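Here the structure is laid out as structure tokens; the discussion comes afterwards.
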Amino acid sequence: MSSMFIPPRNLFLALSITAAASAADWPAYGGDAGTSRYSPLKQINTTNAGSLKKAWTFHTGDKTDRPATQIQCTPIVVDGIMYVTSAQLKVIALRAATGEKLWSFDPFAGIDDDRPRGVSRGVSFWANGKDKRILFTYRAKLVSLDAATGKPVPTFGDNGQLDLTRGLDRDITDLAYYVTTPGVVFRDTIILGSTTGEGPRLSAPGHVRAFDVRTGKQKWIFHTIPHPGEFGYETWSPDSWKYSGGTNVWGGLTVDVKRGMVFLATGSPTFDFWGGDRIGNNLFGNSVVALDAATGRRVWHFQVVHHDVWDYDLANAPSLVTVKRDGRPVDAVVQVSKMGFVFVFDRVTGKPLFPIEERPVPASDVPGEVLSRTQPFPVKPPPISRQRLLEEDLTDVTPAKRAYILERYRKLRAGNIYTPPSVQGTLIYPGFNGGANWGGASVDPENGLLFINSNENVNWMTLKKAEAGAGYTFDFQGYTQLLDDESYPAMKPPWGWLTAIDLNSGDFRWRNSFGEHPELTARGIPPTGTTNFGGSIATAGGLVFIGATQDHKFRAFHSGNGKVVWETQLETGAYATPCTYEVNGKQYVAVSVGGGRWKSPAGDSFVAFALP
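Note that our numbering numbers the sequence shown so that position 275 is 275, with each residue one more than the last.
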């Protein structure tokens, strides 16, 4: 397997602002530096959650319906102040107890720019004494704001902003490059991933970088596409480092503050569906990578997909947990995936804590393509998504729907998760939005449980020869979800899941269909689950809070048995991950309600709930 361990230089020296954060706060996108999405608060618990009421609503006032905007932001809360990003990428500070607006910062103020703003999943916080800053990315800019006023810090970068298109060791002029997920803070450093292009044209490399939070000076760069002389260079074509792109970290990063390690979960190399110009396994694509957070030096890595041509990005940051092995605690890191696999590694060495087998997979018949003969399959935990698509797996919601899908299915290649793209057309399953997406997982450290929402999607795509003079070999058509005549998914329900996994045993604790289509329920069809985006949080009160579903509900589940203990109807979809915090002895749970996808109308609100 592609796995290697080098002891980190600063094993026990690292400290982070989030390590000392109050239990009342939610100081980071992932809840803490370790992306646990867990809170020790328990005022709201399984006995009283049914009494939750809306405490306040804040409307940003900047949604648009055409094009429909989204809010994917997880609020952070520090010392009673909530910091959020809006549909138009404003940064806003609110009183976390009331929703009262304190200040806002608009990065586009005074700029004549009518391009789509994109999305932001939130901000990062750093403090040293009285110097407190909000670090925020929009498009390809990193901004440092005074946390008290919202004004740019003039000593950071160029009057408070840093151009992230520079310093990548390659000219990316005119190439797509964005940062949509907040960076992680380690000491006086912020570490960032990126979003790049994924199509057949040239795209930017997804190298990971660290910057001084005070000045914006770049401290280090880790080449996710290795340069000559670097480890992994031989797993690519000789000149891939000059032109290949992607292999980026777009779903966030995770820090072990005690050991001074940062964990990356990388995406696929580009072009997503043909790799004839990047022969080899393509390290560090589709890998969990541990780096020394102070230097960017590789500690260990494990590649979960070799030479990806299915767009199986690792779409979320890994979570740090402690599990029991042979009666002793082992610090671990867990990675969930689009393929539906859950990978569990020893955090220090990268050794798998459950066996992972290299199994044979189909070869490609596309000219120039050379796929890996095997792919990694974890023996445990079980997959959280189905991984085959045979005729017997197709929808049976009604006979008419099944006939409609069956006709289309028989025109395309299908099989399992590693059926290769083709010029005939291939069904990719669990699909580009299948398995676990950018919402990631949440953890109950007291009971060794992992909670993960996932999708069952089928996509189809067809490779075709590029036009003469295009500058690339293959293009594609499709990249489209296979849907029935009413736009419901092509396979048998459930179409969305919420699963609890016992990380000590590797077994499911419970597993529920997640969400419903009320119009189907009204026809007498049992709840089907829905496509879902956003993630969950877990609390010491024995609860898992999550929105994410197409039915526009926000729910609390009993973490021990999966039963719904509370739910409320929102004005549109909460396609984001919530947070929880405490102010003046009162616990709140807050979520952004931005809609804007899956036929949900655009929204512009942040809503907080509390006990009466």
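For every residue, glycine included, the Cβ atom is placed at its ideal position computed from N, Cα and C. Small disclaimer: the values here were computed from a predicted structure and weren't measured.
Where residue i falls: helix, strand or coil (DSSP)
i, result
"D393", "helix"
"R66", "coil"
"L611", "coil"
"E519", "helix"
"W241", "helix"
"L168", "coil"
"L406", "helix"
"T235", "helix"
"P329", "strand"
"S505", "coil"
"P489", "strand"
"P421", "coil"
"P360", "strand"
"S16", "Interpretation of S16 is limited by its pLDDT of 28, a score under 50 that renders its predicted location unreliable; the figure taken from the coordinates is listed afterwards. Coil, per DSSP."
"P352", "strand"
"P631", "Since the first residue of the chain shown is 1 and the last is 612, residue 631 is not available in this structure."
"G50", "helix"
"M339", "coil"
"L463", "strand"
"Y29", "coil"
"H207", "coil"
Which listed residue (the options) has its alpha carbon closest to that of residue i
i, options, result
"L520", "L145, E486 and A500", "E486"
"P518", "Q550, S442 and Y418", "Q550"
"G368", "R597, F263 and G280", "G280"
"A500", "G469, A441, G547 and P489", "A441"
"P601", "N512, K63 and K324", "K63"
"L543", "S422, D32 and S39", "S39"
"N614", "R386, S124 and F432", "No statement about residue 614 is possible, as the shown extent of the chain runs from 1 to 612 and does not include it."
"L253", "K338, G439, P269 and I81", "G439"
"D163", "G435, G529 and R139", "R139"
"A293", "K90, Q477, D256 and H207", "D256"
"G595", "R66, T46 and K54", "R66"
"N159", "V143, N282, K563 and T195", "V143"
"I172", "P526, T189, R201 and T180", "R201"
"P629", "G585, S592, I537 and K599", "Given a span of 1 to 612 for the chain in the structure shown, any question on residue 629 remains unanswerable."
"F271", "Y312, C579, G251 and P489", "Y312"
"K84", "F108, H59 and A68", "Note on identity: in this sequence residue 84 is Val, with Lys being the wrong assignment. Cα-wise, what sits closest to V84 is H59."
"R555", "I525, Y581 and E516", "E516"
"N532", "I525, G524 and H552", "H552"
"G251", "T195, P226 and A290", "T195"
Cβ-based burial, residue i [other Cβ within 10 Å; buried from 16]
i, result
"I191", "buried"
"D444", "buried"
"E392", "exposed"
"T155", "exposed"
"P378", "buried"
"Q477", "exposed"
"G50", "exposed"
"N437", "buried"
"K90", "buried"
"L390", "exposed"
"Q70", "buried"
"G471", "exposed"
"F609", "buried"
"E234", "exposed"
Nearest-angstrom Cα separation, counted from residue j out to residue i
i, j, result
"D106", "E407", "50 Å"
"K141", "I111", "14 Å"
"F514", "P420", "30 Å"
"Q161", "A363", "47 Å"
"Y243", "E467", "20 Å"
"F606", "T57", "6 Å"
"I452", "F341", "11 Å"
"E446", "R347", "18 Å"
"D277", "H307", "11 Å"
"P48", "A55", "Looking at the sequence itself, residue 48 is Asn, so the reference to Pro does not match. So the alpha carbons of these two residues sit roughly 16 Å apart."
"S120", "G206", "18 Å"
"K217", "G469", "40 Å"
"T530", "K219", "43 Å"
"G562", "L449", "12 Å"
"P269", "E357", "23 Å"
Any non-hydrogen atom of the ligand NAP within 7 Å of residue i CB
i, result
"I405", "The ligand content of the structure shown is nil, which means the ligand NAP is not present either."
Item checked: Cβ pair count under 8 Å reaching 3, the region 19-36 against the region 68-80 -> yes
Notebook entry, point to check: When the Cβ atoms of the region 99-113 are set against those of the region 143-156, are three or more pairs found closer than 8 Å?
Noted result: The region 99-113, when compared against the region 143-156, does touch it at the 8 Å Cβ threshold.
Next item on the list: Specify whether the region 447-466 and the region 410-429 touch according to this definition: at least 3 beta carbon pairs, one from each stretch, less than 8 Å apart.
Entry: yes
Margin query: Quick test of the definition: if touching needs 3 or more C-beta pairs under 8 Å, does the region 574-583 touch the region 479-493?
Written below: No: fewer than three Cβ pairs fall under 8 Å.
Notebook entry, point to check: If you pair each beta-carbon of the region 170-187 with each one of the region 252-269, do three or more pairs fall below 8 Å?
Noted result: yes
Notebook entry, point to check: With contact counted as at least three CB pairs below 8 Å, one residue from each stretch, are the region 298-307 and the region 316-329 in contact?
Noted result: no
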